[in-house]
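The structure appears below as structure tokens.
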């Protein structure tokens, strides 16, 4: 591991003041420290933001504000979250293991890097690590990589379960940085790879996430489902966060976000538009899923994700139908 300097920030503004070339923020460290051990991340300075007073979950009117330093375990166990946003609690509990959730923070969960094997292997080329070096995953090991929104430069997937639920809930990410404070909607924080896959998010250098804010819970029933290779401590092959509001047999509202299929949490806007206003039937859900997945570009060994995602959308929405 490369030698680095360490400092503990006294406040969010102090953290931003310490930012600059070669500086990285340290939260729970469950992803960053691993990447440092692998030689993927090589910061000159670490600024510890894990002890900043950003660890509260507070109700503000009909909204919920979640501090960036809230631990994943605390988020999943919080009574307000479990009562008002059960889909989010289920998504968080679907990620990693209990030990990791006890350390990982909300902001760190959103900003974790891909688990693509080529990204984590510094002996191999990777456009995310070294722009322009190539993407060996396209012709190599890509079974668990992207089928939607991918580019010829990168087929990596975003690994967060929590981010998928937040995308379905229209969460807002509060950020402070050298340019001041701003709010980034979800989806919108994470980028598709395009020709700049080294940029995972729209954050600028020195930006620090301070909170995630949730609007009032959408009406209807919700669910988070995750298909994975083993029961725990495994990333999604495909996951779904869904909300369905059915009234008198017709769909009054629908939200669908997918994980494990793209470089970012994938909000299934085409499927939502096809479903809202129509009958709450398996046939309608199937047509909507197929409309969403028409733009999929699977690779030879991950084409199974397309029917898997289609079936997961249909099955989940059927289960949410009263």
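Residue numbers (the working numbering): 444 to 765.
Just so you know, even glycine gets a beta-carbon here, dropped at the ideal spot from N, CA and C.
Beta-carbon gap between residue i and residue j smaller than 8 Å
i	j	result
residue 491	residue 450	yes
residue 605	residue 534	yes
residue 663	residue 645	no
residue 594	residue 631	no
residue 755	residue 670	yes
residue 634	residue 707	yes
residue 462	residue 621	yes
residue 641	residue 574	yes
residue 444	residue 467	no
residue 493	residue 512	yes
Own chain partners of residue i with C-beta closer than 7 Å, once the 5 adjacent residues on each side are dropped
i	result
residue 584	560
residue 748	590, 680, 681, 704, 741
residue 713	734, 735
8 Å CB neighbourhood of residue i in its chain, flanking five on each side removed
i	result
residue 588	559, 580, 598, 599, 600, 742, 745
residue 483	556, 562, 563, 565, 572
Cβ-Cβ separation, residue j to residue i (assumed contact under 8 Å), whole Å
i	j	result
residue 615	residue 656	5 Å
residue 723	residue 759	About 13 Å; that fails the 8 Å criterion.
residue 538	residue 470	Contact doesn't hold; Cβ gap of about 15 Å is too wide.
residue 487	residue 447	6 Å
residue 549	residue 702	Residue 549 to residue 702, Cβ: 16 Å. No contact.
residue 506	residue 659	7 Å
residue 700	residue 710	5 Å
Pick from the options that is closest to residue i, judged by C-alpha positions
i	options	result
residue 693	718, 520, 676	718
residue 684	611, 462, 500	611
residue 596	578, 761, 613	578
residue 623	607, 514, 650	650
residue 619	654, 642, 629, 640	654
residue 762	667, 452, 498	667
residue 698	716, 523, 690	716
Chain-order list of residues whose beta-carbon lies under 6 Å from that of residue i (same chain, five-residue window excluded)
i	result
residue 665	530, 686
residue 499	510
Practice task
Starting from the N-terminal side, write out each stretch of the alpha helix (DSSP H) that is 4 residues or longer and does not extend beyond the segment 675–723.
Solution key: Fully enclosed alpha helix (DSSP H) runs of no fewer than 4 residues occupy 712–718 of the segment 675–723, in order along the chain.
Exercise for the section: For the segment 543–587, list the beta strand (DSSP E) runs that are entirely contained and at least 3 residues long, ordered along the chain. Expected result: DSSP runs (the beta strand (DSSP E)) wholly in the segment 543–587: none.
Problem - Uninterrupted alpha helix (DSSP H) stretches inside the segment 496–529 (no shorter than 4 residues) - result: If one requires a minimum length of 4 residues, the alpha helix (DSSP H) runs lying completely within the segment 496–529 are 515–520, 522–527, in chain order.
Exercise for the section: Please list the segments of the beta strand (DSSP E) lying wholly inside the segment 616–651, counting only runs of 3 or more residues, in order along the chain. Expected result: Correct list: 623–628.
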